[in-house]
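Trainee:
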Amino acid sequence: MTLNFLKKSQKGTIIAINADNVPLKLIEMGCLPGNIVEVLQIAPLSDPIYIKVNDSFLSIRKDLAKEIEVELI
Amino acid sequence: MKQLKVALIGNPNVGKTSVFNALTGLNQHVGNYPGVTVERKIGTATLAKDTKAHIIDLPGVYSVNPNSKDEEIALNAIFDASNKDFPDVIVVVAEVENLKRNLLLFTQVKDLGFPTILALNMADQMEKKGISIDVPALEKALDTKIVLISARKNEGIDELKQAVLNYSNYNTNSVFDLKSIDESYFTLLGHLYPNQNPYKVWLTQTGVFQFEQLSPVVSSSSTVQKSETELKKLQQRETIKRYQFINKILKDTYKIDTSKATDIRMKFDRILTHKFWGYIIFFFVLLLIYGSIFELAAFPMDFVDGLFADLSSWTSANLPEGKLTELLADGVIPGLGGVLMFVPQIAILFFLISILEETGYMSRVVFIMDRIMKPFGLSGKSVVPLVSGTACAIPAIMSARNIENPKERLITMLVTPFTTCSARIPVYIIIISLIIPKTYILGFVPLQAFVMTMMYVLGFLAALLSGLVLSKIIKADRKSFFVIEMPTYKAPILKNVFLNMYEKVVSYVVGAGKIILALSVILWFLGSHGPSDTFGNAEEMVAEKQMNERLTERLTEEQLASEIAGYQLEHSYIGIIGRTIEPVFRPLGYDWKISIAVLTSFAAREVFVGNLATLYNLGEEAAEDETKIIDRMANEKRADGTPVYTVATGISLLLFYAFAMQCLSTVGVTKKETNSWKWTFVQLVFMTAVAYVAALIAYQLLK
Numbered sequence: 001m002t003l004n005f006l007k008k009s010q011k012g013t014i015i016a017i018n019a020d021n022v023p024l025k026l027i028e029m030g031c032l033p034g035n036i037v038e039v040l041q042i043a044p045l046s047d048p049i050y051i052k053v054n055d056s057f058l059s060i061r062k063d064l065a066k067e068i069e070v071e072l073i
Numbered sequence: 001m002k003q004l005k006v007a008l009i010g011n012p013n014v015g016k017t018s019v020f021n022a023l024t025g026l027n028q029h030v031g032n033y034p035g036v037t038v039e040r041k042i043g044t045a046t047l048a049k050d051t052k053a054h055i056i057d058l059p060g061v062y063s064v065n066p067n068s069k070d071e072e073i074a075l076n077a078i079f080d081a082s083n084k085d086f087p088d089v090i091v092v093v094a095e096v097e098n099l100k101r102n103l104l105l106f107t108q109v110k111d112l113g114f115p116t117i118l119a120l121n122m123a124d125q126m127e128k129k130g131i132s133i134d135v136p137a138l139e140k141a142l143d144t145k146i147v148l149i150s151a152r153k154n155e156g157i158d159e160l161k162q163a164v165l166n167y168s169n170y171n172t173n174s175v176f177d178l179k180s181i182d183e184s185y186f187t188l189l190g191h192l193y194p195n196q197n198p199y200k201v202w203l204t205q206t207g208v209f210q211f212e213q214l215s216p217v218v219s220s221s222s223t224v225q226k227s228e229t230e231l232k233k234l235q236q237r238e239t240i241k242r243y244q245f246i247n248k249i250l251k252d253t254y255k256i257d258t259s260k261a262t263d264i265r266m267k268f269d270r271i272l273t274h275k276f277w278g279y280i281i282f283f284f285v286l287l288l289i290y291g292s293i294f295e296l297a298a299f300p301m302d303f304v305d306g307l308f309a310d311l312s313s314w315t316s317a318n319l320p321e322g323k324l325t326e327l328l329a330d331g332v333i334p335g336l337g338g339v340l341m342f343v344p345q346i347a348i349l350f351f352l353i354s355i356l357e358e359t360g361y362m363s364r365v366v367f368i369m370d371r372i373m374k375p376f377g378l379s380g381k382s383v384v385p386l387v388s389g390t391a392c393a394i395p396a397i398m399s400a401r402n403i404e405n406p407k408e409r410l411i412t413m414l415v416t417p418f419t420t421c422s423a424r425i426p427v428y429i430i431i432i433s434l435i436i437p438k439t440y441i442l443g444f445v446p447l448q449a450f451v452m453t454m455m456y457v458l459g460f461l462a463a464l465l466s467g468l469v470l471s472k473i474i475k476a477d478r479k480s481f482f483v484i485e486m487p488t489y490k491a492p493i494l495k496n497v498f499l500n501m502y503e504k505v506v507s508y509v510v511g512a513g514k515i516i517l518a519l520s521v522i523l524w525f526l527g528s529h530g531p532s533d534t535f536g537n538a539e540e541m542v543a544e545k546q547m548n549e550r551l552t553e554r555l556t557e558e559q560l561a562s563e564i565a566g567y568q569l570e571h572s573y574i575g576i577i578g579r580t581i582e583p584v585f586r587p588l589g590y591d592w593k594i595s596i597a598v599l600t601s602f603a604a605r606e607v608f609v610g611n612l613a614t615l616y617n618l619g620e621e622a623a624e625d626e627t628k629i630i631d632r633m634a635n636e637k638r639a640d641g642t643p644v645y646t647v648a649t650g651i652s653l654l655l656f657y658a659f660a661m662q663c664l665s666t667v668g669v670t671k672k673e674t675n676s677w678k679w680t681f682v683q684l685v686f687m688t689a690v691a692y693v694a695a696l697i698a699y700q701l702l703k
């Protein structure tokens, strides 16, 4: 499944990231394969989402979250 | 005196600006890089008796791989050896929390071959946050000098200065081995470019920066050519490997108990990003901002206004009569007053915005507003400029500077002047009371108030729809993604807040001020000068006209003066232009008098009413009295005897003033903030075109 399907407070392990559609910046901010990502909050209109990954607290839009493959923990 | 060049670099939200402020104080200067809106912040610090440092504060970045044109240009300072800011030493500012991510940037900078110092900020918070760092071991592992500082408490700044002074003692070796990414590829690169910094070779390959003096020893460079996708994969892999390298080092040198810090964050986030309370709180924050710039700023603004009016009359009374005194008293001094009048609003707005940014609240605003603003090509942060714009577009456009995405920032600046600013109110009031009957809709809502409210709604709609249109037209320099950090909540540092406020005021006065002053002097000249045969002989011409019309009653002195003033405005250069282009305005329902008033009010919308009063030969006293102007306007007739101010003309005027730029101060600020005449003209032409078309359609349908 991809990250956009995770519900609030669910955690997942990042399996793969689509190199072509994901900016290097996101990876540089700590969103790496192997790391655990947690959805802390989903914005009131269901986009963007607020995640914690690799000790970084980030907000990303769902269209980007779609490009991140995770395995639910 | 020895001079050193120092660059400060670091992730956003690590307190880099506080470090810069602690080092430089008021000895800082903010400029723009040519062609882009990114700030170039330079300051000086005295390191020792005989050594001064020029410090450049680079924008907050997560990596040396730039994400935008702005970052690319700013980062040139550390890539390009011929850049005037190219540093002798780089200070990487990091914070003790989330050191991992901060070190990614550090390893990249160090690999570029600079003497690099790692300044760990917020060291005073270590105990509270359950952090412990083995500094000597970390220094050894990273092959660098580490300084623990707390910019908030001004601790460690002297040690940092000392460390910078000793910069030549630090080695410039790489810390990360690129071969761990892809052994064969980087070995090959090493063979092709021997004795060269491997990281620079790699950055040249990925197209980050074309480093000089790099030519392969063998010409068959095709063997190292990789496709864009392959390069991207390698860059990803580089990041992963760097993180592995960093994690390995931190495992032995860094301990953190994360539960402590996360608690506070969660508590605040729960309320501030709540689906109901989040918006309620933001609404009150906006109300506070709006109230402060609308109400609070009114007192100092009136003071500045009065001061310059007094100065102007003092000058014309006390200096010898002549052209120069006229220029000074009626052109330059009121122009300066017009510039300085906006200072209180700018100061107050940036005081509040700095606090919102410093505390970390602004990122939460972006989080809850993004979905609403995104379809219009705007950022969640654009709400602040748009709402501030209902007081005044000048500070509002400046506040767009805090928007990270360059395209969203540009669109925000371009559409903000559509919102109903306070200068439109006098125009609206006059027109609405003239053409809208004092009736009630549904028996209790006053129609006039309803129309006034609709004008505000119209302003917001125009801004949003224009954003939608512009977002389709404007091309981004590269695809930009929405990835923002949600920083930890912090108490604002007042020194930063005041320095930011001070810097914004100075940059407005120096940058936009000169454009506004020049434009207002030109406009004053055109409005107060004219050909000598008519304008120059205004008194005789008016007297002659009175004779011809065989008026039996003699005019009072006051009446005569207002007749002359009206005649002069009519025959000034701007009056001539207004009468000449009247055919352009005729389809909108405007006669030549309205045309002149519209033209002259390009200086500022509120001038419209005063200039109409002058054209209708109302004396100065009458011009202050709304009811007299309204009476006079209601009785104004066209050549065929029909009234000028019909509902059609009125609505046409309302729409024109709702959409047209009609504010040269905004032109000045847009030029300053976009750093581009092109976008300034695009905005001016776009707004004027929308205004003209809207007024045209309204008049032709209603007449």
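Chains as they are written, first to last, in the UniProt record's numbering: chain A, 1 to 73; chain B, 1 to 703. Every residue, glycine too, gets a C-beta built ideally from N, C-alpha and C.
If I measure Cβ to Cβ from alanine 141 of chain B and keep anything under 6 Å in the same chain, skipping five residues before and after, which residues do I get?
Mentor: As a first step, residue 141 of chain B must be located in the second sequence, where it is residue number 141. Counting only Cβ-Cβ distances below 6 Å, and skipping sequence neighbours, we find Ile249.
Trainee: Check whether chain A comes within 8 Å of asparagine 500 of chain B, counting only Cβ atoms and requiring the distance to be less than that.
Mentor: Here residue 500 of chain B corresponds to residue number 500 of the second sequence, with the count starting at 1. For asparagine 500 of chain B, the answer is no, since every Cβ of chain A falls outside 8 Å of its Cβ.
Trainee: So the candidates are B/Leu188, B/Ala689, B/Pro426, B/Thr580; which of them puts its Cα closest to the Cα of serine 466 of chain B?
Mentor: Numbered from its first residue, the second sequence carries residue 466 of chain B at position 466. The residue with the shortest Cα to Cα distance from serine 466 of chain B is B/Ala689.
Trainee: What residues from chain A crowd round phenylalanine 602 of chain B, counting only those whose CB sits closer than 8 Å?
Mentor: Locating residue 602 of chain B in the second sequence gives position 602, counting from the first residue. Per Cβ cutoff of 8 Å: no residues; phenylalanine 602 of chain B is ~40 Å from chain A at best.
Trainee: Shorter than 8 Å from the beta carbon of leucine 104 of chain B to some beta carbon of chain A?
Mentor: For the purposes of this step, residue 104 of chain B is taken as residue 104 along the second sequence, with counting starting at 1. Cβ-Cβ to chain A under 8 Å: yes for leucine 104 of chain B.
Trainee: Please list, in chain order, the chain A residues whose beta carbon lies closer than 9 Å to that of arginine 101 of chain B.
Mentor: Here residue 101 of chain B refers to the residue found at position 101 of the second sequence. Per Cβ cutoff of 9 Å: Glu28, Met29, Gly30, Asn54, Asp55, Ser56.
Trainee: Please check if any C-beta of chain A sits within less than 8 Å of the C-beta of valine 483 of chain B.
Mentor: Indexing the second sequence from 1 puts residue 483 of chain B at position 483. Yes, valine 483 of chain B counts as interfacial toward chain A.
Trainee: Give me the Cα-Cα distance between leucine 356 of chain B and methionine 362 of chain B, rounded to the nearest whole angstrom.
Mentor: Against the second sequence, residue 356 of chain B aligns to sequence position 356. Against the second sequence, residue 362 of chain B aligns to sequence position 362. Those two C-alpha atoms are separated by around 6 Å.
Trainee: According to DSSP, is phenylalanine 282 of chain B part of a helix, a strand, or is it coil?
Mentor: Stepping through the second sequence from its first residue, residue 282 of chain B is reached at position 282. Looking at phenylalanine 282 of chain B - three-state DSSP - the assignment turns out to be helix.
Trainee: In the DSSP output, what is leucine 120 of chain B paired with across the bridge?
Mentor: Locating residue 120 of chain B in the second sequence gives position 120, where the first residue counts as 1. B/Ala94, B/Leu148.
Trainee: Could you give the first and the last residue of the continuous beta strand (DSSP E) run that contains phenylalanine 57 of chain A?
Mentor: Translated into positions along the first sequence, residue 57 of chain A becomes position 57. It spans 56-60 - the beta strand (DSSP E) in which phenylalanine 57 of chain A sits, taken as one unbroken run.
Trainee: What does DSSP give as the partner residues of isoleucine 15 of chain A in its beta bridges?
Mentor: Along the first sequence, read from residue 1 onward, the residue named residue 15 of chain A stands at position 15. Paired residue(s): none; isoleucine 15 of chain A is not in a bridge.
Trainee: My output table needs one value for histidine 529 of chain B: the three-state DSSP class, helix, strand or coil.
Mentor: By 1-based counting over the second sequence, the position of residue 529 of chain B is 529. The answer is coil: DSSP assigns histidine 529 of chain B none of H, G, I, E or B.
Trainee: Would the region 273-290 of chain B and the region 44-54 of chain A be scored as touching if the rule is three or more Cβ pairs under 8 Å?
Mentor: Contact holds: three or more Cβ-Cβ distances are below 8 Å.
Trainee: If you measure from the beta carbon of methionine 486 of chain B to each beta carbon in chain A, is any gap under 8 Å?
Mentor: If you number the second sequence from 1, residue 486 of chain B lands on position 486. Output row for methionine 486 of chain B: interface = yes.
Trainee: For serine 316 of chain B, go through chain A and note every residue whose CB falls closer than 7 Å to its CB, in chain order.
Mentor: Counting from one through the second sequence, the residue named residue 316 of chain B turns up at place 316. The contacting residues do not exist; serine 316 of chain B stays about 58 Å from chain A at best.
Trainee: Helix, strand or coil: how does DSSP classify asparagine 67 of chain B here?
Mentor: Indexing the second sequence from 1 puts residue 67 of chain B at position 67. In the structure shown, asparagine 67 of chain B sits in coil (DSSP, three-state: anything other than H, G, I, E or B).
Trainee: Ignore the nearest five residues each way along the sequence and tell me which others in leucine 32 of chain A's own chain have a CB closer than 7 Å to its CB.
Mentor: Taking the first residue of the first sequence as position 1, residue 32 of chain A is located at position 32. Closer than 7 Å at Cβ, skipping near neighbours: Ile14, Asn54.
Trainee: Using beta carbons (cut-off 8 Å, strictly below), is glycine 377 of chain B in contact with chain E?
Mentor: The displayed structure is made up of protein chains A and B, and chain E is not among them.
Trainee: If we define contact as Cβ-Cβ less than 8 Å, is leucine 24 of chain A a contact residue for chain B?
Mentor: Taking the first residue of the first sequence as 1, we reach residue 24 of chain A at position 24. Taking Cβ atoms only, chain B reaches closer than 8 Å to leucine 24 of chain A, which makes this a yes.
Trainee: Taking a cut of 8 Å between CB atoms, which residues from the region 38-68 of chain B lie near chain A?
Mentor: Within the region 38-68 of chain B, the residues whose Cβ lies closer than 8 Å to some Cβ of chain A are Tyr62, Ser63, Asn65, Asn67, listed in chain order.
Trainee: Is threonine 204 of chain B close to chain A? Criterion is C-beta to C-beta, closer than 8 Å.
Mentor: Taking the second sequence and counting its residues from 1, the one referred to as residue 204 of chain B is at position 204. Taking Cβ atoms only, chain A never reaches closer than 8 Å to threonine 204 of chain B, which makes this a no.
Trainee: Please name the residue or residues paired with cysteine 663 of chain B in a DSSP beta bridge.
Mentor: Counted from its first residue, the second sequence places residue 663 of chain B at position 663. DSSP lists B/Ala604 as partners of cysteine 663 of chain B.
Trainee: Below 8 Å, how does it come out for the region 602-620 of chain B and the region 418-434 of chain B: are there three or more Cβ pairs, yes or no?
Mentor: Contact holds: three or more Cβ-Cβ distances are below 8 Å.
Trainee: Might you give, ordered along the chain, the residues of its own chain that have their beta carbon closer than 6 Å to the beta carbon of phenylalanine 342 of chain B, omitting 5 neighbours on each side?
Mentor: On the second sequence, position 342 is the one that residue 342 of chain B refers to. Answer for phenylalanine 342 of chain B: Ile394, listed in chain order.
Trainee: With a cut-off of 8 Å on the beta carbons, I'd call leucine 57 of chain B and leucine 99 of chain B a contact; round off their distance for me.
Mentor: Position 57 of the second sequence holds residue 57 of chain B. Position 99 of the second sequence holds residue 99 of chain B. One detail in the question is off: residue 57 of chain B reads as aspartate in this sequence, not leucine. That pair is no contact at about 21 Å.
Trainee: From the beta carbon of leucine 64 of chain A, is the nearest beta carbon of chain B less than 8 Å away?
Mentor: Here residue 64 of chain A refers to the residue found at position 64 when the first sequence is read from its first residue. Taking Cβ atoms only, chain B reaches closer than 8 Å to leucine 64 of chain A, which makes this a yes.
Trainee: Any contact of the region 404-414 of chain B with the region 507-527 of chain B, i.e. 3+ C-beta pairs under 8 Å?
Mentor: No, the region 404-414 of chain B does not touch the region 507-527 of chain B.
Trainee: Measuring CA to CA, which of B/Asn195, B/Val89, B/Leu188 is closest to threonine 144 of chain B?
Mentor: Within the second sequence, residue 144 of chain B is the residue found at index 144, counting from 1. Minimum Cα distance to threonine 144 of chain B is reached at B/Val89.
Trainee: Assuming leucine 231 of chain B contacts glutamine 205 of chain B under a Cβ cut-off of 8 Å, what Cβ separation, rounded to an integer in Å, is found between them?
Mentor: Within the second sequence, the letter at position 231 stands for residue 231 of chain B. Within the second sequence, the letter at position 205 stands for residue 205 of chain B. With 8 Å as the limit, leucine 231 of chain B and glutamine 205 of chain B qualify as a contact, their Cβ atoms being about 7 Å apart.
Trainee: Quick check: the Cα distance between alanine 329 of chain B and aspartate 305 of chain B, rounded to an integer number of angstroms?
Mentor: The residue labelled residue 329 of chain B in the question sits at position 329 within the second sequence. The residue labelled residue 305 of chain B in the question sits at position 305 within the second sequence. Cα to Cα, alanine 329 of chain B sits roughly 14 Å from aspartate 305 of chain B.
Trainee: Under a CB-based cut-off of 8 Å, is isoleucine 60 of chain A close to chain B?
Mentor: Reading the first sequence from its first residue, position 60 is the one you call residue 60 of chain A. Isoleucine 60 of chain A counts as touching chain B.
Trainee: Given a threshold of 16 other Cβ atoms within 10 Å of its Cβ, counted over all protein chains shown, does alanine 119 of chain B qualify as buried or as exposed?
Mentor: Position 119 of the second sequence, counted from the first residue, corresponds to residue 119 of chain B. It counts as buried.
Trainee: Give the DSSP bridge partners of valine 89 of chain B, in chain order.
Mentor: By one-based count along the second sequence, residue 89 of chain B stands at place 89. B/Val6.
Trainee: When burial is assigned at 16 or more other CB atoms within 10 Å of the CB, is serine 18 of chain B buried or exposed?
Mentor: As a first step, residue 18 of chain B must be located in the second sequence, where it is residue number 18. Label assigned to serine 18 of chain B: buried.
Trainee: To the nearest angstrom, report how far apart proline 320 of chain B and valine 685 of chain B are at their CA atoms.
Mentor: Start at 1 with the first residue of the second sequence, and residue 320 of chain B comes out as number 320. Start at 1 with the first residue of the second sequence, and residue 685 of chain B comes out as number 685. Straight-line Cα distance between these residues: approximately 42 Å.
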